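Peer 1: FYI, the numbering for the sequence shown is 165 to 322, going by the numbering used here. The beta carbon of each residue, even a glycine, is placed where N, CA and C say it ideally should be. This structure is a prediction, so every number in the text was calculated from the model and none was measured.
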Amino acid sequence: MGFDASVGNRALVGPKFLKGLPRYLLATLQELASLKNWSLKIDVNGQTIHEGLTLLASVLNTPSYGGGMPAVPHAMLNDGQLNLLVGSAFNRLQTLLMLPRLLVGKHLGHPRIQCCSFVNAIISSQASVPVAADGESLGFATHLKITCLPNSLQVVKL
């Protein structure tokens with residue numbers, strides 16, 4: 165939700181000759197021109213963990229996204245939880261300077277970056293915020309309720 169969803173939406177319509185990470189990097193640089201922070205309230209497992217201007221709020225079940233960026237390097241597929249990555253307000257320069265850290269998974273120590281595991285989360289905003297899931301645009305929303313359902317996906321080995 166937020167900046168990374170906007171980047172993902174831009175990457176979906178990006179140049180066809182670019183694939184994976186290069187396509188997402190180009191979309192990131194393009195999206196910096198219209199950088200916006202949104203006022204979000206984020207509740208995790210019944211407790212408010214963030215309230216205020218937010219660059220992004222990303223839910224992951226895997227360590228990486230956006231063509232291979234290690235957003236939550238410690239994420240595990242089978243731990244029965246999802247991972248929330250929250251970036252508080254950043255300006256263009258701060259966002260640009262954070263990108264190299266994100267590319268190598270060294271962003272989690274930054275004071276404006278939060279990461280936590282959860283089963284239930286609610287993200288709300290007064291204004292519509294861009295939303296994407298697994299690289300697909302879901303349009304805009306003011307309220308998201310995310311619940312992890314452990315062991316609900318069956319994987320068949322062929």
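Taking the straight line between their C-alpha atoms, what separation do you get for residue 176 and residue 229?
Peer 2: For the purposes of this step, residue 176 is identified with residue 12 of the sequence shown, where counting begins at 1. For the purposes of this step, residue 229 is identified with residue 65 of the sequence shown, where counting begins at 1. Between residue 176 and residue 229, the C-alpha separation is close to 14 Å.
Peer 1: Whose C-alpha, out of 295, 291, 252 and 288, is nearest the C-alpha of residue 274?
Peer 2: Along the sequence shown, read from residue 1 onward, the residue named residue 274 stands at position 110. Out of 295, 291, 252 and 288, 252 has the C-alpha closest to the C-alpha of residue 274.
Peer 1: If the criterion is Cβ atoms closer than 8 Å, does the pair residue 235 and residue 224 meet it?
Peer 2: For this step, residue 235 is matched to residue 71 along the sequence shown. For this step, residue 224 is matched to residue 60 along the sequence shown. In contact: residue 235 and residue 224 (Cβ atoms closer than 8 Å).
Peer 1: Please tell me whether residue 226 and residue 249 are closer than 8 Å, where the distance is taken between their beta carbons.
Peer 2: By one-based count along the sequence shown, residue 226 stands at place 62. By one-based count along the sequence shown, residue 249 stands at place 85. Going by C-beta atoms, residue 226 is not nearer than 8 Å to residue 249.
Peer 1: Express the C-alpha separation of residue 205 and residue 259 in angstroms, rounding to a whole number.
Peer 2: What you label residue 259 is simply residue 95 of the sequence shown in a count that begins at 1. What you label residue 205 is simply residue 41 of the sequence shown in a count that begins at 1. Approximately 21 Å, taken between the alpha carbons.
Peer 1: Buried or exposed for residue 293, please, with buried defined as at least 16 other CB atoms from any protein chain shown within 10 angstroms of its CB.
Peer 2: In the sequence shown, the residue the question calls residue 293 occupies position 129. Buried is the call here.
Peer 1: Does the beta-carbon of residue 198 have 16 or more other beta-carbons within 10 angstroms, so that it is buried, or is it exposed?
Peer 2: The sequence position of residue 198 within the sequence shown is 34, counting from 1. By the neighbour-count rule (16 or more Cβ atoms within 10 Å), residue 198 is not buried but exposed.
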